[in-house]
Each structure stands twice: as structure tokens, then as C-alpha cells.
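Here's the structure, in C-alpha cells; my notes come after.
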Amino acid sequence: MRMLTEEQRKRAFRTIIMTQCLGMLSAFLFHNGFYLNYFTKLGFSSASFAWLAVLPALCSVVLLLPFAFLSDRMGKLKLALIGQVMVISSLALMLAAGWARGPGVMAVVIGSLLLFCVGGSLQGSSWFALLNPIVPAEMRGRFFGRLRVTFMSVNIVFTLVVAGILKWTQSMGAFQMVIGIIFAAHVLRFFTYARIPELEREDGAAHRQRSFFGACAQVFRIPGFAPFNAYIFLITLFTAGVPIVFGLMQKDVFRFSEAQIMMTGNFYLAGTLAGCGVGGRAVDRFGTRWVFLFTHLAYAAIILSLMLRAVMPWSVFVHMAGCTFMFSFTVAMAGVAATSEVLALIPATNKSLSTAVYMTLCNLGLALPGLSVSRVIEWKVLAETWQVGRFTFTEYDSILIAFASLIILMLAAIGLVPKVVKKTQLMSGGGAPRV
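The sequence shown lines up with residues -10 to 424 when you count with my numbering.
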């Protein structure tokens, strides 16, 4: 493995942070409400948005593992740069969707998202493995904390600017201008990504002797790896659909303006930023078991609190923004704990593949509830409105109650976590990395 001097390491850190700041602008287009507004402008229904929102995660379920296997064989940086070209092309297509007409609009958007999925999967499958040897174990907490705080801050500022633009004008040209800015950022990202040093190259001859399924079997034999990832999949399955429902309620139930939806998206980003800082300290002080237990209970409490909006002394917008902030805060805390465990568990070989298993299960958990929400809305399975006393609720409230109930019932599965925690907390750097 090639070694870096102190100056080279600092330069690599700056390059990584710049690369991530440029790249996360497109990754948060769903979370900050931009795509909800843009797809509405294109004439898509709420059900269409629900399944389009999970399309990247659904495709990643299929692509991450084989791409990670190839990354370990062919080189992490090489495939990541190919992926970056695809992401740039996808943004060009998404911009062009604003000029499309008729049924072709949906085809262009789907094509853009599929291209984004392939390119993002090529990059994501090897991201952690590429950074792992660059960042020493003794400073992972500080570096990854700085990385996350920096790119989240950039996203919050960018979302504020976009919300201001949409408050001034909701023209199609305004939406396309924002996508054009992100397109330019990704072109620049190609050159910063290329400057990240690839310090480790695994033995290609050894990989050629090992089949894809054999490598996967080897990863699943890591002590504690399978039960921990099972827990992560289940909790993601019952929480990932909540932000989608929150967004649809803002559009269909509360009738928020485009600027209000973007501002609520900013509260989502702000909650993520705060949750990363608090979650990192909580993991170091209390251990991941207690962080998972807290977040598990918090998920259900926050979801159910939205049902009390009619009795609150403040406006629906303030209540929605508060629930959004607290939910993303909780997601971020759980994410810090999960990443800490995963980076402590990955072996010396098959690094891309082992982290890709975790990411694949997360993406599967992200995709399935979004598809379920889409079908429930499209098929009119639930009553559009229902009452309890003098309070009126909607089909979206019914979906949220179902998610909260499943989260509470899943408390029995939290026993999967301590089996991992007892082992990884004893390892050098265990519980420290925050990505």
C-alpha cells in the first residue's frame, strides 16, 4: 500500500471534502423538496413522485454488489470516474425534461434517473473502501464529522438560495437554471474526484480465482455482520417511506407553496446536520446500542406527533417543519451509529464488497416502502379522509400510523445490535468513524 506524507494527506482531505460538497447537491434533490416541485411542474401525480423517489435506491439494490466486486478487481477510482460521467449525463437529461412534451416527459425523467442510478452505484460501491486507507483510524471521527458538516452546510445554503428563487418565480426556466448549476458542479467534480489517491489495489489474480458468490459468502461469514445488517434493513424498511409521505402531505393536504416546501426541505437538511454532531458524541459516550434504542423510540414518537397538528398552538407549517427536523435528526444519529459499526467490521480484503452489502440492504429498505406508498395511493386502498371525534385525518395519516406501529413492534429485533457492539467497541477506531 502506498503511503502519504502529512502534506499529501491534508491535500487529499481537502480534495475529498470538495468532491463530496459538489456531489451531494444532486443527492439531496429529493430530500430538499426540489424534485417534488419540479415533477409537479412537469405534471406528474403524487403516486408517480412516490415511485420515482425510490427508483435510485431500487436500482442500487441490483447494481451495488456486482459493481463493488468489479471495483475490487479493476480499480476503485477508474470505475468511479466512469460513474461520474454517467451522473453528468443524467443531469443533462433531467434539464432537457423541461422542454419535453407529452408522454416523452416521463420517459426522459426515467432515463435520467436510471443513468443517475448506474453512475451513482459505480461511485458509491467503492467510496468507503477508497477513503478507508486515506483516513487513519485515530482521526476518522474528526475527519468524517468535518466532511459531513461541511457538505450539509453547503446543501443548506444552496437550498435557501433555491427557495428564494422559487419564491420569486416558479417558471420552468428557474427550475432548469438550478439543474444547470448542479450540472456544472458535477462537471467540476469529475476533476476533483480524479485527484483522490487510490492507495490500495487488491490482488487482481486472487480476485480472479474467487467467484462473485464466493466473495459474497466470505463477507457474510464476518462475525456479527449478518445479524447487524438484518436489523439495519428492517429499521430502514419501516422508516424510509416517512419523508416521502411528509412531502406528499405538504403538497396535497397542507397545500404548501413551492417556497414553503423548499424551506421544509431545509429543515430536513438542518436536522441531518445537527443529528450528525450529536450522534457522533452519543456513540462515543454511550455506545451504539443505546443510540439505536433511543432512535428506535424517537422514530415512532415523531411520526405519531404529526397526528397532533390540529391541537398545537402554532401553525401547521411550523409543526411540519419541526417534525421534519426531528425526524432527519433521528435518521442522522442512527446513520452515524450504523456507519461506525460497519467501518469497524469490514475486513482487509473485499472492502468494497463488504460495504456494498450494507449499502444494498439500506437501499432495499429505502425502495420497498416508497413503492408501497405509491401503490397504496394509486390503488385507493385507504379511505381518503376519516375522523376521530372532531379531528379529520387523511390516507397519509393512515400510512404513518402503520409505519409507527411496525417500528414499535420491531423493538424485539433490537437484540440483534448488542451482539455486534460488544465486539466492535473493543477494536481500534471502533465507534469513531462518522460518514
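Ideal Cβ positions, reconstructed from N, Cα and C, are used throughout, including at glycine.
Residue i (DSSP reduced to helix, strand or coil)
i	result
Thr158	coil
Gly419	Interpretation of Gly419 is limited by its pLDDT of 32, a score under 50 that renders its predicted location unreliable; the figure taken from the coordinates is listed afterwards. The answer is coil: DSSP assigns Gly419 none of H, G, I, E or B.
Asn21	coil
Phe187	A small fix is needed here, since residue 187 is Glu in this sequence, not Phe. Looking at Glu187 - three-state DSSP - the assignment turns out to be coil, as it is neither helix nor strand.
Ser200	coil
Pro92	coil
Pro336	coil
Phe28	helix
Lys369	coil
Trp279	helix
Ser34	coil
Ala260	A small correction: the amino acid at residue 260 is Gly; Ala does not occupy that position in the sequence shown. Helix, per DSSP.
Asn218	helix
Ser246	coil
Ser341	helix
Gly213	coil
Gly269	helix
Pro122	coil
Met322	helix
Ser114	coil
Pro232	helix
Ser304	coil
Thr284	helix
Thr313	helix
Thr328	helix
Met455	What the structure shows of the chain is the stretch from -10 to 424, and residue 455 is not part of that stretch, so it cannot be assessed.
Pro407	Unreliable placement is indicated for Pro407, whose pLDDT of 41 sits below 50; no coordinate value is reported for it.
Bridge partner(s) assigned by DSSP for residue i
i	result
Val377	Phe380
Contact under 8 Å by Cβ, residue i with residue j
i	j	result
Cys10	Val143	yes
Thr139	Thr8	no
Phe56	Ser101	no
Thr349	Leu53	yes
Trp157	Ser363	no
Ala85	Val97	yes
Met483	Val151	In the structure displayed, the chain extends from -10 to 424; residue 483 sits before or after that span and is not available.
Leu293	Tyr385	no
Glu247	Lys65	no
Gly87	Phe164	yes
Asn121	Lys369	no
Val242	Thr383	yes
Phe23	Phe38	no
Ala326	Thr277	yes
Gly268	Val280	yes
Phe179	Leu80	no
Distance between beta carbons of residue j and residue i, contact taken as under 8 Å
i	j	result
Gly264	Thr319	7 Å
Leu389	Val234	6 Å
Asn21	Gly254	3 Å
Thr313	Gly260	7 Å
Phe306	Phe245	7 Å
Ala289	Ile397	5 Å
Phe19	Ala36	The Cβ separation is near 16 Å, so there is no contact.
Ile154	Tyr347	So it is not a contact: roughly 37 Å between Cβ atoms.
Val50	Leu353	5 Å
Selected residue, minimal CA-CA separation from residue i, among the options
i	options	result
Leu355	Leu47, Phe164 and Leu(-7)	Leu47
Val331	Val151, Phe256, Ala219 and Ala271	Ala219
Val377	Pro232, Met296, Pro302 and Arg90	Met296
Gly324	Asn339, Leu353, Phe306 and Thr284	Thr284
Phe147	Cys205, Ser79, Ser15 and Ile71	Ser15
Leu342	Gln112, Arg178 and Met399	Gln112
Asp273	Val242, Gly311 and Met322	Met322
Phe227	Glu(-5), Ile99, Phe38 and Cys351	Cys351
Gln159	Lys67, Cys106, Gly230 and Leu31	Leu31
Ala401	Leu282, Ser304, Pro302 and Val124	Leu282
Phe256	Arg278, Thr277, Pro232 and Gly268	Pro232
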